[in-house]
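Residue numbers (the numbering used here), protein chains in the order written: chain A, 181 to 509; chain B, 181 to 509.
By construction, the Cβ of each residue, glycine as well, lies at the ideal position given by its N, Cα and C atoms.
From a predicted model like this one, the values you see are computed outputs, not experimental measurements.
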């Protein structure tokens, strides 16, 4: 079968077309005929060599998000049959297959039937970002009715799902926006208030929107200096969640306010073969929410074929994408 | 009434005897005839001037922990009557009274009836440390049956309660010890295993006691470099709790393992007048646990009168105390 691989780390032009053996479904796994995948920032970091420790051996097939049709079913798998339309974040890292290929082998515990109301193109946008936002807001922070939740960013992959999940959980949702266009997108996703963070200091929006009390839950996808801003914006005994926390931080503000910091790294079940059934279960719940019209993917307007994978990565890295970047076979 | 105050920050000899007006119980408060108080590390830090922002105005009456007899009851307080034996952590910080005096005014929401099975001397050991350990392990980390909990330290105030609460919650409890004497104390408190941390690297005790999987919950009372050791010893998606986190930390290990960090600062309800009824409620549950013989204070053998407050502070600061240091009026 045809696949796109990398044999070295580098710029988007490191992707190469290559012929690999078609995978056969082994016990506990299914083989998926890939319809589409989406580009997540972690895929770019892996390609760049920033996450060498978790990268598959060369030639490495990248990308975890996949939507497609079940091609074959391994022993012990009862939930799926040949022809089912499924979605998952099932690899792109050490020890697992990748979605940049005609067929992808996937641990059935990581997979769910796609939402009925989405086609396979749209479904490829959801897995990694939905699982991340679900783990962050629903499982870890346990966002509840009436809480004030601040989401940093709007049209980023994880952020746009986080806004919708926080709203579904009953929170009042605040989103930081950099433009009127993004504020409009945030409103359509359900955000109650948009904060133009480039025009306001943290203390000013904490004063204006929380009467100086701070936000109950803050969701960070930026990392670095933004973590300190999250601590500053948090309420007493508040919760900060970050999906990007590879940095030095002064924890004194956490002490003064008695904060909780949850760091979410959604690849753990894939990398360590632990709790994988949780990911399939989350995707089943996400599919239900989508079909109940409570959650929808935001998809960038540019369409890419797998032969244009380099352009797809460049587009995500440029920061110009509004929503998820999808790549079809 | 007589009180011990500080008029400047410094060594233990800054304490001075002074005459202050006897407090009258105002609405929502009770006045307690103080029987005893205990020395907590935060009291020493306040005396040293390390926490000037939360220190009461000079002349400042220090110490939050108090046990004593209700002397008068303010309007709106129905749970207590004159003569009741009570315990609380009710002040020692900006805006509140302090226990180093004959009488202490206390917000009734912070107070509970003392355990029936302890005398007032023993009861003074419990409030601050029990509330801290309860908030950490029961409320925040929600320690559950079968988890592996590592407690740093044994005979420290918070640690010795943490060991017992984690055991009560159904965990297997590991305590880091520096001597055979402390290991014996840990066993008496209910610890399942003692780890002689001076003789073992973190990776070695993680290998020996958790089969390299790491601990589910780690309770730190040390701060500084010990936080990095906690991250190293934690399981994937594990939880670290710290009560001492005023430092710079590299959060990369939190990312790689998807950890949660809870920072517990138990003075928040006192300093910010928020959620004070939680503290009274915790102390009622603690009293029940004590009376059911599931929790006991560890009290240092040296006894101090209030005139010897400087010696009591010196004793705690020397590190020689085994358990709580109690000071009686």
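Query: Residue range of the alpha helix (DSSP H) that includes residue 495 (chain A); Result: 489 to 498
Query: Beta-carbon proximity list for residue 349 (chain A), same chain, < 6 angstroms, skipping 5 on both sides; Result: 323
Query: The region 458 to 471 of chain B: positions lying closer than 8 angstroms to chain A by Cβ; Result: none
Query: Distance between residue 352 (chain B) and residue 391 (chain B) (C-alpha atoms, nearest Å); Result: 14 angstroms
Query: Distance, residue 375 (chain B) Cα to residue 513 (chain A) Cα; Result: No statement about residue 513 (chain A) is possible, as the shown extent of chain A runs from 181 to 509 and does not include it.
Query: Inter-stretch contact (C-beta, 8 angstroms, three-pair minimum) for the region 182 to 194 of chain B and the region 268 to 284 of chain B; Result: yes
Query: Continuous alpha helix (DSSP H) assignments of at least 4 residues falling wholly in the region 315 to 365 of chain A; Result: 337 to 348
Query: Where the alpha helix (DSSP H) containing residue 407 (chain A) begins and where it ends; Result: 405 to 413
Query: Chain B within 8 angstroms of residue 438 (chain A), Cβ atoms only; Result: yes
Query: Residue-level contact to chain B via CB, residue 293 (chain A), 8 angstroms cutoff; Result: no
Query: Simplified DSSP state of residue 434 (chain B), which is helix, strand or coil; Result: helix
Query: Inter-residue spacing [alpha-carbon to alpha-carbon] between residue 476 (chain A) and residue 423 (chain A); Result: 21 angstroms
Query: Cβ-based burial, residue 361 (chain A) [other Cβ within 10 Å; buried from 16]; Result: exposed
Query: With 16 other Cβ atoms within 10 Å as the buried cut-off, status of residue 209 (chain A); Result: buried
Query: Selection of the region 394 to 420 of chain A by Cβ proximity to chain B, strictly under 7 angstroms; Result: 416 and 417
Query: is_contact[residue 428 (chain B), chain A] using C-beta, thresh 8 angstroms; Result: yes
Query: Interface flag, residue 478 (chain A) vs chain B, CB-CB below 8 angstroms; Result: no
Query: Residue environment, residue 383 (chain A), which counts as buried when at least 16 other CB atoms sit within 10 Å; Result: exposed
Query: Cβ contact (3+ pairs, closer than 8 angstroms) linking the region 200 to 209 of chain A and the region 222 to 230 of chain A; Result: no
Query: Beta-carbon gap between residue 295 (chain B) and residue 470 (chain B) smaller than 8 angstroms; Result: yes
Query: Assigned exposure category for residue 396 (chain A) - 16 Cβ within 10 Å defines buried; Result: buried
Query: Inter-residue CB distance, residue 493 (chain B) and residue 482 (chain B) (contact presumed, cutoff 8 angstroms); Result: Going by Cβ atoms, the distance from residue 493 (chain B) to residue 482 (chain B) rounds to 12 angstroms, so no, they are not a contact pair.
Query: Neighbour list for residue 320 (chain B) in chain A, Cβ cutoff strictly below 7 angstroms; Result: 440
Query: Reference residue 438 (chain B), options B:330, B:219, B:261 and B:411, closest by Cα; Result: B:411
Query: Check: residue 338 (chain A) C-beta below 7 angstroms from any heavy atom of the ligand PLP; Result: Ligands displayed in this structure: none; no statement on the ligand PLP is therefore possible.
Query: Residue 380 (chain A) versus A:358, A:367, A:370 and A:365, residue with shortest Cα-Cα distance; Result: A:358
Query: Cβ pair residue 429 (chain B), residue 429 (chain A) closer than 8 angstroms; Result: yes
Query: Extent of the continuous beta strand (DSSP E) to which residue 380 (chain A) belongs; Result: No beta strand (DSSP E) contains residue 380 (chain A), which DSSP labels as neither H nor E.
Query: Selection of the region 262 to 273 of chain B by Cβ proximity to chain A, strictly under 8 angstroms; Result: none
Query: Per DSSP, the bridge partner or partners of residue 199 (chain B); Result: B:182
Query: Minimum Cβ-Cβ distance from residue 260 (chain B) to chain A less than 8 angstroms; Result: no
Query: 8 angstroms contact criterion, which residue 215 (chain B) and residue 258 (chain B) should meet: CB distance rounded; Result: Actually they are not in contact, since the Cβ atoms of residue 215 (chain B) and residue 258 (chain B) sit about 23 angstroms apart, beyond 8 angstroms.
Query: Cβ of residue 332 (chain B) within 8 angstroms of any chain A Cβ; Result: no
Query: Residue closest to residue 287 (chain A), alpha-carbon to alpha-carbon, out of A:330, A:334, A:266 and A:507; Result: A:266
Query: Cutoff 6 angstroms; reference residue 456 (chain A); Cβ partners in own chain excluding five residues on either side; Result: 287, 289, 290 and 449
Query: Beta-ladder partner(s) of residue 283 (chain A), from DSSP; Result: A:213
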